[in-house]
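Report on one structure; see the data block that follows.
Protein chains: 2
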Amino acid sequence: MKPTKAPAPESTLVDADTHMESFRQTRHNRRTELIEDYVELIADLIADRGEARQVDIAQRLGVAQPTVAKMLKRLAAEGLIQQRPYRGVFLTEAGAGLAEKSRERHQVVESFLCALGISPEIARVDAEGIEHHVSLETLNAFRDFLRKRE
Amino acid sequence: MKPTKAPAPESTLVDADTHMESFRQTRHNRRTELIEDYVELIADLIADRGEARQVDIAQRLGVAQPTVAKMLKRLAAEGLIQQRPYRGVFLTEAGAGLAEKSRERHQVVESFLCALGISPEIARVDAEGIEHHVSLETLNAFRDFLRKRE
DNA sequence: AGCAAATTATAGCCATTGCTATAATAACTC
DNA sequence: GAGTTATTATAGCAATGGCTATAATTTGCT
Numbered sequence: 001m002k003p004t005k006a007p008a009p010e011s012t013l014v015d016a017d018t019h020m021e022s023f024r025q026t027r028h029n030r031r032t033e034l035i036e037d038y039v040e041l042i043a044d045l046i047a048d049r050g051e052a053r054q055v056d057i058a059q060r061l062g063v064a065q066p067t068v069a070k071m072l073k074r075l076a077a078e079g080l081i082q083q084r085p086y087r088g089v090f091l092t093e094a095g096a097g098l099a100e101k102s103r104e105r106h107q108v109v110e111s112f113l114c115a116l117g118i119s120p121e122i123a124r125v126d127a128e129g130i131e132h133h134v135s136l137e138t139l140n141a142f143r144d145f146l147r148k149r150e
Numbered sequence: 151m152k153p154t155k156a157p158a159p160e161s162t163l164v165d166a167d168t169h170m171e172s173f174r175q176t177r178h179n180r181r182t183e184l185i186e187d188y189v190e191l192i193a194d195l196i197a198d199r200g201e202a203r204q205v206d207i208a209q210r211l212g213v214a215q216p217t218v219a220k221m222l223k224r225l226a227a228e229g230l231i232q233q234r235p236y237r238g239v240f241l242t243e244a245g246a247g248l249a250e251k252s253r254e255r256h257q258v259v260e261s262f263l264c265a266l267g268i269s270p271e272i273a274r275v276d277a278e279g280i281e282h283h284v285s286l287e288t289l290n291a292f293r294d295f296l297r298k299r300e
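Heads up: the protein sequence lines correspond to chains A and B, in order.
Sequential numbering from 1 applies to the first sequence in the numbering used here.
Sequential numbering from 151 applies to the second sequence in the numbering used here.
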């Protein structure tokens with residue numbers, strides 16, 4: 001059909017392997033973003049109230065409590081939290097580290113959006129979605145922008 | 151435990167309803183982003199090769215062909231594409247509209263990241279993940295930034 | 001202490017999005 | 001035009017992340 005080679009790719013179609021790699025990365029990020037959201041939220045709740053209860057997590061995430069219970073088991077299995085039956089959860093050292101990393105990244109993204117003139121409410125929502133797809137290089141670019149802004 | 155009220159919320163904990171709304175929005179975006187990726191890719195393939203075959207879609211998305219076949223059924227059910235057995239797919243008017251919208255948004259996000267000084271490869275990958283979580287307001291802020299840059 | 005209310009645990013369901021294996025059909029080559 | 005190769009369709013499985021309903025346990029009140 002095509003004569004040996006595509007006749008000048010006039011569209012936005014890039015190299016197939018590159019394309020694939022981007023999507024693979026995105027799928028991978030999707031897998032980890034829920035975990036990061038949980039850990040970050042647990043850290044915030046502990047900082048604010050002294051404990052992280054399932055009801056509070058569920059309310060803030062907008063999901064049902066059994067959904068939270070199931071996910072907490074997964075977090076525990078991955079060594080990010082520690083839990084005792086019928087009690088609130090605690091972060092392990094690994095969990096606290098991940099939480100801190102996530103929290104800082106979230107903060108940078110949200111501040112960056114605000115610095116662009118986006119309204120705080122929208123910046124909040126968008127940052128929640130964007131933060132998990134921001135590479136270190138992009139995060140640093142955001143930081144640079146914020147620094148130069150001041 | 152806590153004395154009537156939290157002792158000055160020193161953390162990043164925002165209003166519970168706001169928090170919930172952000173996560174709900176993010177979950178909603180997740181549901182639509184795959185659809186947008188497919189439609190956008192199908193449009194690109196048609197523009198570049200004259201047709202969109204499952205093997206090509208699968209290769210560029212980095213998934214197996216049956217995965218693509220299943221998703222195409224969903225797209226057809228939603229009226230975004232038209233397909234005949236053992237043949238490539240076509241975009242309906244609705245599908246073409248969504249594809250164009252997605253493509254343009256993708257382009258803005260990727261260009262914006264590049265304008266921030268991020269390397270093209272990283273910008274590609276990050277844009278792929280970020281584009282689906284960018285509200286209209288944020289997209290416009292990106293456009294403004296690009297315009298003022300020139 | 002004991003009872004009611006709140007919270008957590010568990011069971012079992014559903015939808016989504018991946019996969020492999022294999023059958024059916026189309027495309028290509030000779 | 002017949003056979004091989006490439007592509008698409010279909011069946012069936014697994015993991016993930018939701019849900020409701022209900023049991024078990026803790027908390028709070030009197």
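We treat Cβ as the ideally placed atom computed from N, Cα and C, and that holds for glycine.
Using beta carbons (cut-off 8 Å, strictly below), is residue i in contact with chain B?
i: residue 146 of chain A; result: no
i: residue 129 of chain A; result: yes
i: residue 55 of chain A; result: no
i: residue 111 of chain A; result: no
i: residue 21 of chain A; result: yes
i: residue 18 of chain A; result: yes
i: residue 118 of chain A; result: yes
i: residue 134 of chain A; result: yes
i: residue 24 of chain A; result: yes
Can you tell which of the options has its C-alpha closest to the C-alpha of residue i?
i: residue 246 of chain B; options: B:177, B:175, B:191 and B:166; result: B:191
i: residue 243 of chain B; options: B:270, B:212 and B:225; result: B:225
i: residue 209 of chain B; options: A:16, A:122 and A:104; result: A:16
i: residue 265 of chain B; options: B:292, B:281, B:164 and B:287; result: B:292
i: residue 52 of chain A; options: A:25, A:34, A:89 and A:118; result: A:89
i: residue 257 of chain B; options: B:280, B:222 and B:237; result: B:280
i: residue 18 of chain A; options: B:273, B:232, B:169 and B:223; result: B:273
i: residue 174 of chain B; options: A:137, A:128 and A:24; result: A:128
i: residue 221 of chain B; options: B:170, B:250, B:185 and B:199; result: B:185
i: residue 102 of chain A; options: A:148, A:50 and A:29; result: A:29
i: residue 117 of chain A; options: B:295, B:269, B:234 and B:261; result: B:295
i: residue 248 of chain B; options: B:170, B:223, B:287 and B:183; result: B:183
i: residue 100 of chain A; options: A:77, A:57 and A:37; result: A:37
i: residue 48 of chain A; options: B:163, B:262 and B:189; result: B:163
i: residue 50 of chain A; options: A:112, A:132 and A:91; result: A:91
i: residue 111 of chain A; options: A:46, A:65 and A:147; result: A:147
i: residue 64 of chain A; options: B:282, B:269, B:170 and B:284; result: B:170
i: residue 61 of chain A; options: A:119, A:132, A:39 and A:82; result: A:39
Kindly say whether residue i, judged by its beta-carbon, lies nearer than 8 Å to any beta-carbon of chain A.
i: residue 288 of chain B; result: yes
i: residue 181 of chain B; result: no
i: residue 202 of chain B; result: no
i: residue 192 of chain B; result: no
i: residue 185 of chain B; result: no
i: residue 189 of chain B; result: no
i: residue 274 of chain B; result: yes
Buried or exposed for residue i, please, with buried defined as at least 16 other CB atoms from any protein chain shown within 10 angstroms of its CB.
i: residue 259 of chain B; result: buried
i: residue 80 of chain A; result: buried
i: residue 126 of chain A; result: buried
i: residue 271 of chain B; result: exposed
i: residue 205 of chain B; result: exposed
i: residue 158 of chain B; result: Confidence at residue 158 of chain B is low in this model, with a pLDDT of 39, below 50, so the placement of that residue should be treated as unreliable; the coordinate-derived value is given next. So residue 158 of chain B counts as exposed.
i: residue 86 of chain A; result: exposed
i: residue 286 of chain B; result: exposed
i: residue 22 of chain A; result: buried
i: residue 255 of chain B; result: buried
i: residue 43 of chain A; result: buried
i: residue 299 of chain B; result: exposed
Where the stretch 59-85 of chain A meets chain B: residues whose CB sits under 7 Å from a CB there: 59, 60, 61 and 62
Which residues, in chain order, does the stretch 84-106 of chain A contribute to contact with chain B at a C-beta distance below 7 Å? 103
In chain order, which beta strand (DSSP E) runs of at least 3 residues are fully inside the stretch 36-124 of chain A? 81-83 and 89-91
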